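In what follows, a structure is listed as structure tokens, so that the remarks can point back to it.
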Amino acid sequence: MYDISILKEQLAQPKQVAVVMHARPDADALGTSLALALFLKAQGHAVHVISPTEYPSFLSWLPGVDSLVIAAHYTQEALLEQIKGIELLFCVDFSAASRLDEWAYILRQPNLFKIVIDHHIEPEGFADHLLWDPKAAASAEVLFQVFEALGQKDQITLSIATCLYAGLLTDTNSFKNPNTRSITHRIAADLIEFGVDTFKVQRLIYDNKSLDRLRFFSFAVSQRLVVLSELQVAYFVIQKEDYKRYDLKSGDTEGLVDYALSLKGISLAAVLKEKDDMVYLSLRSVGDIPANLIAKNYFHGGGHKNAAGGISYLRLTETVDRFEKILKDLHPQFNFN
Numbered sequence: 001m002y003d004i005s006i007l008k009e010q011l012a013q014p015k016q017v018a019v020v021m022h023a024r025p026d027a028d029a030l031g032t033s034l035a036l037a038l039f040l041k042a043q044g045h046a047v048h049v050i051s052p053t054e055y056p057s058f059l060s061w062l063p064g065v066d067s068l069v070i071a072a073h074y075t076q077e078a079l080l081e082q083i084k085g086i087e088l089l090f091c092v093d094f095s096a097a098s099r100l101d102e103w104a105y106i107l108r109q110p111n112l113f114k115i116v117i118d119h120h121i122e123p124e125g126f127a128d129h130l131l132w133d134p135k136a137a138a139s140a141e142v143l144f145q146v147f148e149a150l151g152q153k154d155q156i157t158l159s160i161a162t163c164l165y166a167g168l169l170t171d172t173n174s175f176k177n178p179n180t181r182s183i184t185h186r187i188a189a190d191l192i193e194f195g196v197d198t199f200k201v202q203r204l205i206y207d208n209k210s211l212d213r214l215r216f217f218s219f220a221v222s223q224r225l226v227v228l229s230e231l232q233v234a235y236f237v238i239q240k241e242d243y244k245r246y247d248l249k250s251g252d253t254e255g256l257v258d259y260a261l262s263l264k265g266i267s268l269a270a271v272l273k274e275k276d277d278m279v280y281l282s283l284r285s286v287g288d289i290p291a292n293l294i295a296k297n298y299f300h301g302g303g304h305k306n307a308a309g310g311i312s313y314l315r316l317t318e319t320v321d322r323f324e325k326i327l328k329d330l331h332p333q334f335n336f337n
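Numbered per my numbering, the sequence shown spans residues 1 to 337.
In structure tokens:
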């Protein structure tokens with residue numbers, strides 16, 4: 001499935017390597033990046049793992065996370081000095097430079113061979129080599145198959161397997177999403193054979209909320225949920241003051257959109273989050289509703305058919321009005337279930 005001859009050539013001798021994930025990383029981006037870094041270090045490579053922004057606190061237990069470099073903590077000059085001499089750059093769980101936000105300058109450094117490991121559709125052309133499968137449920141699934149193709153599946157340790165399982169678990173929504181295939185379950189079974197404690201991983205990811213986060217979810221459901229029954233749409237509007245009121249950290253709104261999508265009769269759900277001078281949108285859908293096209297065509301974003309994200313540079317109230325108008329205009333075209 002994957003052309004790994006170029007990868008073998010790049011890894012034939014020990015190198016200075018950087019692994020970078022997208023901004024505001026989820027468990028797939030973080031877990032897959034850490035798994036790759038652990039694998040490369042065991043092969044004798046010097047590895048820097050970079051996240052543009054903070055990662056969710058509920059993922060702080062992942063093996064290897066202590067070595068993570070948070071780009072937002074550095075000036076551009078200081079970060080480039082830290083990764084000076086890098087020869088090989090792995091881009092994990094993203095294939096569009098915009099997913100790095102203002103840290104996209106990392107991709108523009110000279111003498112870098114760039115390899116993308118990803119499963120999102122419509123990759124851009126910035127990479128020198130793609131290890132990519134849009135049918136894969138997660139980038140963790142792609143990386144596991146790359147290890148197999150390299151003939152180095154036996155090099156997977158418990159730490160690597162745990163990181164990969166976290167990515168697989170979350171990007172499939174506990175194996176409930178339609179992107180879950182038979183091969184996804186086979187890979188999960190293989191990871192369990194490496195010793196992954198699936199109960200522990202589930203608990204640490206889904207049952208590890210702070211009291212503030214739990215209170216925020218209660219507040220959001222009771223005060224910030226909008227239901228447009230006639231459009232089969234439900235969405236949350238999260239204001240700046242909500243972040244301060246509940247001391248929300250990176251990743252604390254993760255999973256909120258699923259509450260809207262779980263409502264009877266709802267086929268498209270969203271969370272609109274006011275942060276800084278922008279509004280971030282997370283979209284989820286069922287069936288043939290193209291969340292990715294809505295994000296791409298109207299909100300400078302993209303993603304998967306049923307899970308996507310975007311950005312609005314309008315004020316929050318203006319974004320909400322535009323969001324509703326777009327859905328009303330598009331509604332006749334959708335094949336709602």
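Don't be surprised by glycine CBs; every beta carbon is placed ideally from N, CA and C. All values derive from a computational prediction rather than experimental measurement.
Inset, instruction - Closer than 7 Å by C-beta to Thr319: which residues in its own chain qualify, once you throw out the five before and the five after it? Chain order, please. - result: Taking the sequence shown and counting its residues from 1, the one referred to as residue 319 is at position 319. Cβ neighbours of Thr319 beyond the five flanking positions: Leu272, Val279 and Ser312.
Legend entry - Cβ-Cβ distance between Phe216 and Thr253 below 9 Å: Position 216 of the sequence shown, counting from 1, holds the residue named residue 216. Position 253 of the sequence shown, counting from 1, holds the residue named residue 253. In this structure, Phe216 lies near Thr253, with their beta-carbon atoms less than 9 Å apart.
Legend entry - Burial state of Thr317 (16 or more Cβ within 10 Å): Taking the sequence shown and counting its residues from 1, the one referred to as residue 317 is at position 317. Classification of Thr317: exposed, given that the 10 Å Cβ count is below 16.
Legend entry - Proximity of Val237 and Ser267 at Cβ, strictly below 9 Å: Here residue 237 is taken as the residue at index 237 of the sequence shown, counted from 1. Here residue 267 is taken as the residue at index 267 of the sequence shown, counted from 1. Contact: no.
Legend entry - Glu368 (DSSP reduced to helix, strand or coil): Because residue 368 is not part of the residues shown, which for the chain are 1 to 337, the question remains open.
Legend entry - Extent of the continuous beta strand (DSSP E) to which Gln152 belongs: Position 152 of the sequence shown holds residue 152. That residue, Gln152, is in no beta strand (DSSP E); it is neither H nor E in DSSP.
Legend entry - N-terminal and C-terminal residue of the beta strand (DSSP E) that His48 is part of: As a first step, residue 48 is located in the sequence shown; it is residue number 48 there, counting from the start. Element bounds for His48: Ala46 to Ser51.
Inset, instruction - Pick helix, strand or coil for Val196, following the three-state DSSP scheme. - result: Start at 1 with the first residue of the sequence shown, and residue 196 comes out as number 196. In the structure shown, Val196 sits in coil (DSSP, three-state: anything other than H, G, I, E or B).
Legend entry - Strand pairing of Ser267, partner residues [DSSP]: Counting from one through the sequence shown, the residue named residue 267 turns up at place 267. Beta-bridge partners of Ser267 (DSSP): none assigned.
Inset, instruction - Would you kindly report the start and end of the unbroken alpha helix (DSSP H) that includes Val257? - result: Counting from 1 along the sequence shown, the entry for residue 257 is found at position 257. Residue range Leu256 to Leu261 is occupied by the alpha helix (DSSP H) that includes Val257.
Legend entry - Boundaries (first-last residue) of the beta strand (DSSP E) holding Lys114: Within the sequence shown, the letter at position 114 stands for residue 114. Counting along the chain, the beta strand (DSSP E) containing Lys114 begins and ends at Phe113 to Asp118.
Inset, instruction - Compute the Euclidean distance between the alpha carbons of Leu168 and Ala138, then round it to the nearest angstrom. - result: The sequence position of residue 168 within the sequence shown is 168, counting from 1. The sequence position of residue 138 within the sequence shown is 138, counting from 1. Cα-Cα distance, rounded: 6 Å.
Inset, instruction - Could I get the ranges of all uninterrupted alpha helix (DSSP H) runs contained in the segment 158 to 231, with 4 residues as the minimum, in chain order? - result: Positions of the alpha helix (DSSP H) runs, each at least 4 residues long and wholly inside the segment 158 to 231, are given as 158 to 171, 182 to 193, 198 to 206 and 211 to 223 in order along the chain.
Legend entry - Residue range of the unbroken beta strand (DSSP E) whose run includes Ser5: Within the sequence shown, numbered from 1, the residue matching residue 5 stands at position 5. No beta strand (DSSP E) holds Ser5; the alpha helix (DSSP H) holding it covers Ser5 to Gln10.
Legend entry - 8 Å Cβ shell around Leu38 - same chain, five flanking residues per side excluded: Within the sequence shown, the letter at position 38 stands for residue 38. Result list for Leu38: Pro63, Gly64, Thr157, Ser159, Ile160 and Cys163, in chain order.
Legend entry - Leu150 to Phe144 span [Cα, whole Å]: For the purposes of this step, residue 150 is taken as residue 150 along the sequence shown, with counting starting at 1. For the purposes of this step, residue 144 is taken as residue 144 along the sequence shown, with counting starting at 1. About 10 Å.
Legend entry - Cβ-Cβ separation, Tyr55 to Leu79 (assumed contact under 8 Å), whole Å: Mapped onto the sequence shown, residue 79 falls at position 79. Mapped onto the sequence shown, residue 55 falls at position 55. Wrong, their Cβ atoms sit about 16 Å apart, outside the cutoff.
Inset, instruction - Could you pull the start and end residues of the beta strand (DSSP E) that Gly310 belongs to? - result: Counting from one through the sequence shown, the residue named residue 310 turns up at place 310. Per DSSP, Gly310 belongs to the beta strand (DSSP E) from Ala307 to Ser312.
Legend entry - Buried or exposed by the 16-neighbour rule on C-beta atoms within 10 Å, applied to Gln232: Locating residue 232 in the sequence shown gives position 232, where the first residue counts as 1. Around the CB of Gln232, 16 or more other CB atoms lie within 10 Å, so the residue is classed as buried.
Inset, instruction - Express the C-alpha separation of Asn179 and Ala127 in angstroms, rounding to a whole number. - result: Within the sequence shown, numbered from 1, the residue matching residue 127 stands at position 127. Within the sequence shown, numbered from 1, the residue matching residue 179 stands at position 179. Taking the straight line joining both Cα atoms gives about 25 Å.
Legend entry - Pair within 9 Å by beta-carbon distance, Ile86 and His129: As a first step, residue 86 is located in the sequence shown; it is residue number 86 there, counting from the start. As a first step, residue 129 is located in the sequence shown; it is residue number 129 there, counting from the start. Taking 9 Å as the cut-off, the Cβ atoms of Ile86 and His129 do not count as close.
Legend entry - Spatial neighbours of Ala234 in its chain, beta-carbon cut-off 6 Å, leaving aside the 5 residues before and after: Locating residue 234 in the sequence shown gives position 234, counting from the first residue. Here the set comprises Val227, Ala260, Leu263, Ile266 and Ala269.
Inset, instruction - Find out if the Cβ-Cβ distance for the pair Glu193, Lys240 is shorter than 9 Å. - result: For the purposes of this step, residue 193 is identified with residue 193 of the sequence shown, where counting begins at 1. For the purposes of this step, residue 240 is identified with residue 240 of the sequence shown, where counting begins at 1. It is not a contact, given that the beta carbons lie outside the stated cut-off.
Inset, instruction - Tell me, to the nearest whole angstrom, how far the beta carbon of Trp132 is from that of Asp118; I am working on the premise that it is less than 8 Å. - result: As a first step, residue 132 must be located in the sequence shown, where it is residue number 132. As a first step, residue 118 must be located in the sequence shown, where it is residue number 118. The beta-carbon distance between Trp132 and Asp118, rounded to whole angstroms, is 5 Å. This is short enough to meet the 8 Å contact definition.
Inset, instruction - Report the partner residues of Gln16 according to the DSSP bridge assignment. - result: If you number the sequence shown from 1, residue 16 lands on position 16. Its beta-bridge partners are Ala46.
Inset, instruction - Mind checking which residues open and close the beta strand (DSSP E) that includes Phe90? - result: On the sequence shown, position 90 is the one that residue 90 refers to. Counting along the chain, the unbroken beta strand (DSSP E) around Phe90 starts and ends at Leu88 to Val92.
Legend entry - Under the three-state DSSP convention, the category Leu283 falls into: Locating residue 283 in the sequence shown gives position 283, counting from the first residue. Leu283 falls in the strand class under three-state DSSP.
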